[in-house]
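Notes for the one structure printed next.
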Amino acid sequence: MSLSRLALVLASVIAAKSVDAHEFWLDATSYLVEPGQKMSVNLRNGEIFEGIKLAYFPNRTTRFDLSFEGVVVPVEARMGDTPALTMLSPPRDGLLTVVHEAAPARVIYTEWEKFVGFTEHKDFAQVSEEHATAGLDQDRVVESYTRHSKALIAVGDGNGTDAPMGLETELVALTNPYTLGPAEEMAVALTYEGAPRVDVQVEVYERDAADAVTVTKLRTDAEGIVRFPVTPGLTYLVDSVVIRDAPDTGGDPDAPLYETLWASLTFAVPAE
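Here it is, written out as structure tokens:
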């Protein structure tokens, strides 16, 4: 690895540590490509659909795949790659799904108010309330988190369907954003361990060409589905978080007390 490449990798690591608790998504440089065209996808971490690019590290990745026409193949990436994915798109029209799962990482809250704010933002305020009621330590809350991300990219006409990819928590597009009819809404299903997540919060980030972002909070219906209107020419990030108790480690103060699992889905809607 060259010195310049090593410097880039180290900068990515340092920057990543400062935004560990924020959204993570797959960011295609273009969500609409022609068959056989060079394309790339960045790993991003940040807030309000704006964040830093992260380099690819095998030890921080548990899965990195491509799905096209029902065939799933691993992404060929090298340590330090930024963008994490650079390749030629498939040689024919269709819908390409990029899948990425990040290895567990930790964040330590040393300010109770920040942990409370996080639980309120992600709609599980009862967790911090139960934590306080139980008399647990509020000066040092350790959380383990994983990321479960997908991106939909149109190759040519973009025809095709998204499908469950076996992620522990997953957002699955039930409608194809590249072939939606006029006034047709986008429908996305949310699952956890393969089962629908019912009546939980989903955030939809909508970004326009000027990088202005609108955030809408929705709730899944009785089937674990959210539906929302989309606007031609805009890019979307759909995000939802699961929180659960971490396995009991016998009182180890360095062990996580909670685990969070972050699901994300990105796509664009073609301009008219």
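In our numbering, the protein residues as written are 1 to 272.
C-beta: ideal position from N, C-alpha, C; glycine also.
Membership of GLU223 in any beta strand (DSSP E) is not indicated, and neither H nor E is assigned to it by DSSP. GLU120: member of the alpha helix (DSSP H) spanning 112-121, first to last residue. In the displayed model, SER128 falls within a helix according to three-state DSSP.
Secondary structure at THR249: coil, using DSSP grouped into helix, strand and coil. C-alpha of THR82 to C-alpha of LYS150: approximately 18 Å in a straight line.
Here HIS121 is exposed, its C-beta having fewer than 16 other C-beta atoms within 10 Å. If you ignore the 5 residues before and after THR62, its C-beta comes within less than 6 Å of the C-beta of GLU101 and ALA103, all in its own chain and listed in chain order.
Using a 10 angstroms sphere on the CB of GLY94, the tally of other CB atoms reaches 16 or more, which defines it as buried.
In the three-state DSSP reduction, ARG60 falls in the helix class (H, G or I). Taking C-beta atoms as the reference points, VAL226 and THR235 fail to come closer than 8 Å. Taking one beta carbon from each stretch, the segment 75-92 and the segment 133-146 have fewer than 3 pairs nearer than 8 Å; the two do not touch. Residue burial is scored here from C-beta neighbours: THR216 has fewer than 16 other C-beta atoms within 10 angstroms and is therefore classed as exposed. If you keep only unbroken beta strand (DSSP E) runs of at least 3 residues inside the segment 33-97, you get 38-47, 50-54, 61-68, 71-74 and 85-88. A contact between stretches requires three or more CB pairs, one per stretch, nearer than 8 Å, and the segment 85-92 meets this requirement with the segment 37-50. Excluding its 5 nearest sequence neighbours in each direction, VAL200 has C-beta neighbours in its own chain below 6 Å: THR220, listed in chain order. Sequence-distant partners of LEU180 (beyond 5 residues in either direction) whose C-beta falls short of 6 Å from its own C-beta are missing from its chain. Around the CB of PRO90, 16 or more other CB atoms lie within 10 Å, so the residue is classed as buried.
In the DSSP secondary-structure assignment, ASP239 is bridged to GLU203 and SER264. Boundaries of the beta strand (DSSP E) harbouring GLU23: 23-28, taken from the DSSP string. Relative to the Cα of VAL198, the nearest Cα in the group ALA212, LEU218 and PRO182 belongs to LEU218.
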